[in-house]
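As structure tokens, the structure follows; a few thoughts come after it.
Protein chains: 2
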Amino acid sequence: MDIASVAEVRRPECIGRHVCIRGWIRSRRDSKGGFSFLEVNDGSCFGNIQVIADGQLPNYESEVKQLTAGCSVSVEGTVKESGGKGQATEIAATAIVVHGWADPEGYPLQKKQHSFEKLREWAHLRPRTNTFGAMARVRNCITRSIHQFFQEQGFLYVHTPIITASDCEGAGAMFKVTTFDLDRIPKQADSVDYSQDFFDRPAYLTVSGQLNAEIFACALGKVYTFGPTFRAENSNTSRHLSEFWMIEPEMAFFDLNDNMDLAESFLKRIFRDALTQCPDDMQFFQERIDDTAISTLQKVVDSDFVRISYTEALEVMDRSRRTFEFPITWGSDLQSEHERFLTEEEFKAPVIVYDYPRSIKPFYMRVNDDERTVRAMDVLVPKVGEIIGGSQREERLEVLETRMAEQHLDPKGYWWYLDLRRFGTVPHSGFGLGLERVVQFVSGMANIRDVIPFPRAPGLAEF
Amino acid sequence: MDIASVAEVRRPECIGRHVCIRGWIRSRRDSKGGFSFLEVNDGSCFGNIQVIADGQLPNYESEVKQLTAGCSVSVEGTVKESGGKGQATEIAATAIVVHGWADPEGYPLQKKQHSFEKLREWAHLRPRTNTFGAMARVRNCITRSIHQFFQEQGFLYVHTPIITASDCEGAGAMFKVTTFDLDRIPKQADSVDYSQDFFDRPAYLTVSGQLNAEIFACALGKVYTFGPTFRAENSNTSRHLSEFWMIEPEMAFFDLNDNMDLAESFLKRIFRDALTQCPDDMQFFQERIDDTAISTLQKVVDSDFVRISYTEALEVMDRSRRTFEFPITWGSDLQSEHERFLTEEEFKAPVIVYDYPRSIKPFYMRVNDDERTVRAMDVLVPKVGEIIGGSQREERLEVLETRMAEQHLDPKGYWWYLDLRRFGTVPHSGFGLGLERVVQFVSGMANIRDVIPFPRAPGLAEF
Numbered sequence: 281m282d283i284a285s286v287a288e289v290r291r292p293e294c295i296g297r298h299v300c301i302r303g304w305i306r307s308r309r310d311s312k313g314g315f316s317f318l319e320v321n322d323g324s325c326f327g328n329i330q331v332i333a334d335g336q337l338p339n340y341e342s343e344v345k346q347l348t349a350g351c352s353v354s355v356e357g358t359v360k361e362s363g364g365k366g367q368a369t370e371i372a373a374t375a376i377v378v379h380g381w382a383d384p385e386g387y388p389l390q391k392k393q394h395s396f397e398k399l400r401e402w403a404h405l406r407p408r409t410n411t412f413g414a415m416a417r418v419r420n421c422i423t424r425s426i427h428q429f430f431q432e433q434g435f436l437y438v439h440t441p442i443i444t445a446s447d448c449e450g451a452g453a454m455f456k457v458t459t460f461d462l463d464r465i466p467k468q469a470d471s472v473d474y475s476q477d478f479f480d481r482p483a484y485l486t487v488s489g490q491l492n493a494e495i496f497a498c499a500l501g502k503v504y505t506f507g508p509t510f511r512a513e514n515s516n517t518s519r520h521l522s523e524f525w526m527i528e529p530e531m532a533f534f535d536l537n538d539n540m541d542l543a544e545s546f547l548k549r550i551f552r553d554a555l556t557q558c559p560d561d562m563q564f565f566q567e568r569i570d571d572t573a574i575s576t577l578q579k580v581v582d583s584d585f586v587r588i589s590y591t592e593a594l595e596v597m598d599r600s601r602r603t604f605e606f607p608i609t610w611g612s613d614l615q616s617e618h619e620r621f622l623t624e625e626e627f628k629a630p631v632i633v634y635d636y637p638r639s640i641k642p643f644y645m646r647v648n649d650d651e652r653t654v655r656a657m658d659v660l661v662p663k664v665g666e667i668i669g670g671s672q673r674e675e676r677l678e679v680l681e682t683r684m685a686e687q688h689l690d691p692k693g694y695w696w697y698l699d700l701r702r703f704g705t706v707p708h709s710g711f712g713l714g715l716e717r718v719v720q721f722v723s724g725m726a727n728i729r730d731v732i733p734f735p736r737a738p739g740l741a742e743f
Numbered sequence: 281m282d283i284a285s286v287a288e289v290r291r292p293e294c295i296g297r298h299v300c301i302r303g304w305i306r307s308r309r310d311s312k313g314g315f316s317f318l319e320v321n322d323g324s325c326f327g328n329i330q331v332i333a334d335g336q337l338p339n340y341e342s343e344v345k346q347l348t349a350g351c352s353v354s355v356e357g358t359v360k361e362s363g364g365k366g367q368a369t370e371i372a373a374t375a376i377v378v379h380g381w382a383d384p385e386g387y388p389l390q391k392k393q394h395s396f397e398k399l400r401e402w403a404h405l406r407p408r409t410n411t412f413g414a415m416a417r418v419r420n421c422i423t424r425s426i427h428q429f430f431q432e433q434g435f436l437y438v439h440t441p442i443i444t445a446s447d448c449e450g451a452g453a454m455f456k457v458t459t460f461d462l463d464r465i466p467k468q469a470d471s472v473d474y475s476q477d478f479f480d481r482p483a484y485l486t487v488s489g490q491l492n493a494e495i496f497a498c499a500l501g502k503v504y505t506f507g508p509t510f511r512a513e514n515s516n517t518s519r520h521l522s523e524f525w526m527i528e529p530e531m532a533f534f535d536l537n538d539n540m541d542l543a544e545s546f547l548k549r550i551f552r553d554a555l556t557q558c559p560d561d562m563q564f565f566q567e568r569i570d571d572t573a574i575s576t577l578q579k580v581v582d583s584d585f586v587r588i589s590y591t592e593a594l595e596v597m598d599r600s601r602r603t604f605e606f607p608i609t610w611g612s613d614l615q616s617e618h619e620r621f622l623t624e625e626e627f628k629a630p631v632i633v634y635d636y637p638r639s640i641k642p643f644y645m646r647v648n649d650d651e652r653t654v655r656a657m658d659v660l661v662p663k664v665g666e667i668i669g670g671s672q673r674e675e676r677l678e679v680l681e682t683r684m685a686e687q688h689l690d691p692k693g694y695w696w697y698l699d700l701r702r703f704g705t706v707p708h709s710g711f712g713l714g715l716e717r718v719v720q721f722v723s724g725m726a727n728i729r730d731v732i733p734f735p736r737a738p739g740l741a742e743f
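Read top to bottom, the protein sequences are chains A and B. Under our numbering, residues 281 to 743 are what the first sequence spells out, in order. Under our numbering, residues 281 to 743 are what the second sequence spells out, in order.
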């Protein structure tokens with residue numbers, strides 16, 4: 281007996297094989313002819329396999345006719361050409377074993393459509409729905425593409441630390457990590473005695489692996505991180521998570537142009553793979569979630585990304601005579617409305633804006649010869665705005681020290697980061713990409729909590 | 281001008297090409313003939329490329345002759361056949377650009393060998409050494425193999441949460457996650473008022489993604505997690521980390537035999553890939569770290585894993601008349617000495633021990649018909665003992681509830697885990713593997729802190 285996946289037995293090549301498939305009932309329909317149609321899904325693909333359960337099966341009356349959505353079964357049978365629409369094959373069952381029932385009185389996922397909000401309360405069951413099954417497969421596909429892209433180009437995957445003693449990057453509010461009994465915090469001279477905590481000092485959850493990734497890039501050339509990062513801001517929005525996965529490549533001897541080239545080919549690769557490797561899931565998102573899901577992706581894949589400096593971008597907006605809610609002047613950061621104007625209206629293509637004002641960007645970005653701007657870049661795409669942020673890093677020790685002083689950062693906390701510039705410093709660049717933003721962009725899902733298996737947000741840590 | 285990696289230009293096919301390579305000086309040797317040999321490494325492979333720097337280069341006296349270990353350079357030149365030993369090619373330089381100096385007075389990584397302990401204090405520089413360069417490449421190779429293995433077999437990669445409100449699994453001490461000001465913990469009726477904390481309840485760093493992975497396996501079939509996990513035990517040993525990466529596959533419709541088959545083919549695949557894809561790095565580990573590194577791996581790849589029950593294992597040990605420090609009786613757990621006896625002395629092969637006493641194993645393992653044992657399995661390998669632990673999971677609701685009561689667990693905290701058994705329950709299995717244990721096994725490194733980029737342990741959170 282061949283065990284087969286639903287994805288396999290849906291293919292016409294499978295016709296004639298005697299197989300065993302295992303999965304969950306999506307629906308049952310009884311024919312007047314004394315047999316039943318079962319739709320079975322096993323997660324291997326979007327589609328179900330239709331099973332014909334003959335009335336002669338020994339457990340037909342006692343079990344098969346009791347099957348409801350959510351029950352788990354093994355089905356043995358022969359794969360046949362299907363006369364039905366929308367499917368090439370079906371299985372004529374010779375035996376059906378029921379593993380688990382799903383009492384329709386208690387099982388929450390009945391035929392009725394549930395809101396995404398409701399489904400978040402059932403995060404343990406929502407992967408059984410069409411939407412979240414598709415999401416799991418597309419997210420897996422994107423993740424696989426990311427690894428393949430970097431591995432094919434000789435990047436090393438580096439695990440940067442999750443727990444960190446550096447609170448100093450200023451990227452955002454951080455979660456504290458401790459083994460203290462919160463009921464009895466040890467004090468010394470009225471303040472917390474961290475020498476008694478696990479790490480002998482205050483410890484936090486990382487907001488970025490970049491500085492650590494630079495260590496490896498400055499030793500081994502091309503590396504990337506891909507791990508969870510955290511933000512403790514109290515933001516209860518559809519665009520923020522407290523825990524999310526970030527990809528951060530970092531490349532020695534890359535200048536900002538190399539960085540832009542990499543970011544462009546990287547995004548195109550991910551999107552192309554989603555379109556070609558998950559066609560059924562993407563079709564579903566297109567039909568049910570966002571009717572521009574596929575065309576938007578395809579356009580990004582086919583576009584040349586526009587590249588303009590921040591200063592030019594401001595001139596473009598000025599010439600457009602468009603009224604913005606927040607008018608922009610040189611020296612302030614682009615808001616979402618400006619980003620979307622550039623990519624959706626002005627250029628109708630992905631746009632890379634580079635060379636931002638020095639004053640609005642972090643200390644580690646390389647200062648240009650004009651002294652007013654730094655070698656930052658943001659990649660903007662339709663619908664979401666910024667999807668990638670990156671920069672060439674400041675490799676000159678003295679300039680870096682000046683920038684740290686400018687931003688009131690204590691060089692002591694960065695001794696090792698400065699050492700990278702003291703010993704064999706090299707031009708280098710990198711960028712960061714939030715996985716969930718990408719999955720949101722690909723699927724068209726409105727709320728970021730619906731593109732990660734178990735979202736974390738203020739008040740939300742169930743499951 | 282072709283930019284090329286050192287890995288590329290070391291290949292004879294590259295002879296005749298005019299290229300630019302970029303990397304760091306490992307050493308310089310001046311010839312009496314008025315030219316110098318530079319050894320340059322860029323991390324793309326274990327070996328260096330030898331560069332011949334002619335005295336006619338315009339910056340020969342001013343710069344080239346000042347180069348020391350750690351300086352960063354770009355070298356343009358032609359790849360030639362090398363007359364030297366141990367290398368097929370070398371580069372005759374036509375131009376050398378120095379990007380960064382590394383003052384030998386201050387640069388810690390001089391020719392002198394440093395202890396691994398010392399290098400841990402310089403975690404920002406140790407990737408520049410032979411050992412830690414090799415480690416980064418082998419760790420990357422293992423990680424890539426893991427993803428490829430599961431992806432090729434249709435598993436979905438699932439990101440399980442890092443921050444969790446379940447403290448209930450009993451797998452080990454947990455770190456607390458909070459945004460409280462530790463100086464002023466809000467109290468209500470004398471105890472901590474968690475309703476004012478970020479997640480409205482106590483929150484922790486995960487010790488395992490298994491229970492969450494079961495959710496996805498019970499919806500979509502075959503899945504795996506691969507992410508950081510945490511232990512807050514105060515263990516200052518060479519075998520424990522506070523933060524480490526774990527791989528946890530979970531498969532619906534797999535019984536314990538399927539689980540053993542998967543674990544065996546999984547380990548063999550990883551080890552085979554390390555041997556074939558990192559031959560130079562493995563050769564280095566063999567020569568410098570553990571002279572059985574390669575043969576041990578090769579033996580595992582070539583072995584059929586022995587499979588015996590816990591009860592049989594005890595009989596084997598009994599018959600052996602071997603004296604153990606901790607004599608074992610039925611019902612107590614195997615110690616490292618027993619595990620190593622079985623795999624190293626008795627069977628001289630990897631051993632899978634299964635069907636452990638119910639009383640020493642977690643509540644979620646499936647109870648056998650004998651009612652005394654559960655469907656647990658441990659995979660034991662020479663030198664390290666247990667490398668994989670797994671089980672078939674208890675899919676029967678009533679048995680699971682009995683087991684939870686036995687272990688004094690409150691079912692309320694597990695409502696969603698129990699729901700998986702209420703609705704469409706299926707037989708399923710999975711296992712867990714610590715990435716660092718695997719890297720330690722492959723490389724032969726004695727201390728687990730040397731196989732992860734930035735180790736975390738009591739008192740250790742620098743970098």
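Built from N, CA and C at the ideal position, the CB exists for glycine as well.
_Simplified DSSP assignment, three categories, for B:Leu318_ = Here residue 318 of chain B refers to the residue found at position 38 when the second sequence is read from its first residue. Strand, per DSSP.
_Please list, in chain order, the chain B residues whose beta carbon lies closer than 8 Å to that of A:Asn539._
Translated into positions along the first sequence, residue 539 of chain A becomes position 259. Here the premise fails: no neighbours, minimum Cβ distance about 15 Å.
*Compute the Euclidean distance between the alpha carbons of A:Arg655 and A:Val647, then round it to the nearest angstrom.*
Counting from 1 along the first sequence, the entry for residue 655 of chain A is found at position 375. Counting from 1 along the first sequence, the entry for residue 647 of chain A is found at position 367. Taking the straight line joining both Cα atoms gives about 6 Å.
*Do A:Met415 and A:Gly710 have their C-beta atoms closer together than 8 Å?*
Here residue 415 of chain A refers to the residue found at position 135 when the first sequence is read from its first residue. Here residue 710 of chain A refers to the residue found at position 430 when the first sequence is read from its first residue. No; because the gap between Cβ atoms is not below 8 Å, this pair is not in contact.
*Helix, strand or coil: how does DSSP classify A:Leu521 here?*
Your numbering for residue 521 of chain A matches position 241 in the first sequence. A:Leu521 falls in the coil class under three-state DSSP.
*So, is the C-beta of A:His379 closer than 8 Å to a C-beta in chain B?*
Walking along the first sequence from the start, residue 379 of chain A turns up at place 99. True, the Cβ-Cβ gap to chain B drops below 8 Å.
*From the beta carbon of A:Ile329, is the nearest beta carbon of chain B less than 8 Å away?*
Taking the first residue of the first sequence as 1, we reach residue 329 of chain A at position 49. No, because no Cβ of chain B sits closer than 8 Å to the Cβ of A:Ile329.
*List the residues of chain B whose Cβ lies closer than 7 Å to the Cβ of A:Ser324, in chain order.*
To locate residue 324 of chain A, count along the first sequence from 1; it is residue 44. Chain-order list of chain B residues neighbouring A:Ser324: Gly434 and Gly501, by C-beta distance under 7 Å.
_Taking a contact to mean a Cβ-Cβ separation below 8 Å, would you say A:Tyr694 touches A:Met657 in this structure?_
To locate residue 694 of chain A, count along the first sequence from 1; it is residue 414. To locate residue 657 of chain A, count along the first sequence from 1; it is residue 377. Going by C-beta atoms, A:Tyr694 is not nearer than 8 Å to A:Met657.
*In three-state DSSP terms, what is A:Cys421?*
In the first sequence, counting from the first residue as 1, residue 421 of chain A sits at position 141. Secondary structure of A:Cys421 (DSSP, three-state): helix.
*asked:* If I follow the unbroken beta strand (DSSP E) through B:Glu356, where does it start and stop?
replied: Here residue 356 of chain B refers to the residue found at position 76 of the second sequence. From DSSP, the beta strand (DSSP E) with B:Glu356 extends over Ser352 to Glu361.
*Within-8 Å CB hit, A:Gly413 to chain B*: Translated into positions along the first sequence, residue 413 of chain A becomes position 133. Chain B places a beta carbon closer than 8 Å to that of A:Gly413, counting this residue as a contact.
*Whole-angstrom distance between A:Arg552 and A:Ala543, CA atom to CA atom*: By 1-based counting over the first sequence, the position of residue 543 of chain A is 263. By 1-based counting over the first sequence, the position of residue 552 of chain A is 272. Straight through space, the alpha carbons of A:Arg552 and A:Ala543 are spaced by roughly 14 Å.
*Who does B:Met526 pair with in a DSSP beta bridge?*
Looking up residue 526 of chain B in the second sequence gives position 246. Looking at the DSSP output, B:Met526 sits in a beta bridge with B:Gly507 and B:Gly714.
*asked:* With a threshold of 7 Å on Cβ separation, who are the neighbours of B:Arg782 within its own chain once the five nearest residues in sequence on each side are excluded?
replied: Since the first residue of chain B shown is 281 and the last is 743, residue 782 of chain B is not available in this structure.
*Mind listing the chain A neighbours of B:Cys351? Cutoff is C-beta to C-beta under 8 Å, in chain order.*
Against the second sequence, residue 351 of chain B aligns to sequence position 71. Listed along chain A, the residues sitting closer than 8 Å to B:Cys351 by beta-carbon distance are Gly704.
_Cα-Cα separation between B:Arg290 and B:Val344, rounded to whole angstroms_ = Taking the second sequence and counting its residues from 1, one reaches residue 290 of chain B at position 10. Taking the second sequence and counting its residues from 1, one reaches residue 344 of chain B at position 64. Between B:Arg290 and B:Val344, the alpha-carbon positions lie close to 22 Å from each other.
*Would a check of beta-carbon distances place B:His427 closer than 8 Å to chain A?*
Start at 1 with the first residue of the second sequence, and residue 427 of chain B comes out as number 147. Cβ-Cβ to chain A under 8 Å: yes for B:His427.
*asked:* Helix, strand or coil, according to DSSP, for A:Leu491 in the structure here?
replied: Position 211 of the first sequence, counted from the first residue, corresponds to residue 491 of chain A. Correct three-state label for A:Leu491: helix.
*Which residues does DSSP pair with B:Met657 in a beta bridge?*
Reading the second sequence from its first residue, position 377 is the one you call residue 657 of chain B. In DSSP, B:Met657 forms a bridge with B:Tyr634 and B:Gly670.
*By DSSP, does B:Leu462 sit in helix, in strand, or in coil?*
Here the question's residue 462 of chain B lines up with position 182 in the second sequence. The answer is coil: DSSP assigns B:Leu462 none of H, G, I, E or B.
*Could you have a look at B:Asp310 and say whether DSSP puts it in helix, strand or coil?*
What you label residue 310 of chain B is simply residue 30 of the second sequence in a count that begins at 1. Strand.
*Taking DSSP as the reference, what is the three-state secondary structure of A:Lys502?*
Position 222 of the first sequence, counted from the start, is the residue given in the question as residue 502 of chain A. DSSP places A:Lys502 in the strand class (E or B) of the three-state scheme.
*Can you have a look at A:Pro559 and say buried or exposed, based on whether 16 or more other CB atoms are within 10 angstroms of its CB?*
Counting from 1 along the first sequence, the entry for residue 559 of chain A is found at position 279. Burial call: exposed.
*Are the region 722 to 740 of chain A and the region 403 to 420 of chain A touching, with three or more C-beta to C-beta distances below 8 Å?*
Counting C-beta pairs with one atom in each stretch, the region 722 to 740 of chain A and the region 403 to 420 of chain A have three or more that are closer than 8 Å, which means they touch.
*asked:* Contact criterion: CB-CB distance below 8 Å. Does B:Asn492 meet it with respect to chain A?
replied: What you label residue 492 of chain B is simply residue 212 of the second sequence in a count that begins at 1. Judged by the 8 Å Cβ criterion, B:Asn492 is in contact with chain A.
*Taking A:Thr556 as part of the alpha helix (DSSP H), name the residues at either end of that continuous run.*
Residue mapping note: residue 556 of chain A aligns to position 276 of the first sequence, counting from 1. Per DSSP, A:Thr556 belongs to the alpha helix (DSSP H) from Leu536 to Gln557.
_Helix, strand or coil at B:Trp304 [DSSP, three-state]_ = Here residue 304 of chain B is taken as the residue at index 24 of the second sequence, counted from 1. The DSSP-derived three-state label of B:Trp304 is strand.
_Residues bridged to B:Val706 [DSSP beta-bridge criterion]_ = What you label residue 706 of chain B is simply residue 426 of the second sequence in a count that begins at 1. In the DSSP output, where bridge partners are listed per residue, B:Val706 has none listed.
*Compare the C-alpha of B:Trp381 against each of A:Ala287, A:Glu293, A:Leu700 and A:Gln428 and name the closest.*
Looking up residue 381 of chain B in the second sequence gives position 101. Minimum Cα-Cα distance from B:Trp381 among the listed residues A:Ala287, A:Glu293, A:Leu700 and A:Gln428 corresponds to A:Leu700.
*Going by DSSP, name the residue or residues bridged to A:His298.*
Mapped onto the first sequence, residue 298 of chain A falls at position 18. The partner list for A:His298 (beta bridge, DSSP) reads A:Thr358.
*Please list the partners that B:Asn420 has in chain A, where partner means a Cβ-to-Cβ separation under 9 Å.*
Locating residue 420 of chain B in the second sequence gives position 140, counting from the first residue. Gln431, Phe435, Leu436, Tyr437, Val438 and Val503, listed in chain order.
*Along chain E, in chain order, which residues have C-beta atoms closer than 9 Å to that of A:Pro559?*
Annotation note: the requested chain E is absent from the structure, which comprises protein chains A and B.
*Is the CB of B:His688 under 8 Å away from at least one CB in chain A?*
In the second sequence, counting from the first residue as 1, residue 688 of chain B sits at position 408. With 8 Å as the cut-off, B:His688 does not count as an interface residue toward chain A.
_Inter-residue Cα distance where the pair is A:Glu397 and B:Val661_ = Counting from 1 along the first sequence, the entry for residue 397 of chain A is found at position 117. Counting from 1 along the second sequence, the entry for residue 661 of chain B is found at position 381. A:Glu397 and B:Val661 have their C-alpha atoms roughly 47 Å apart.
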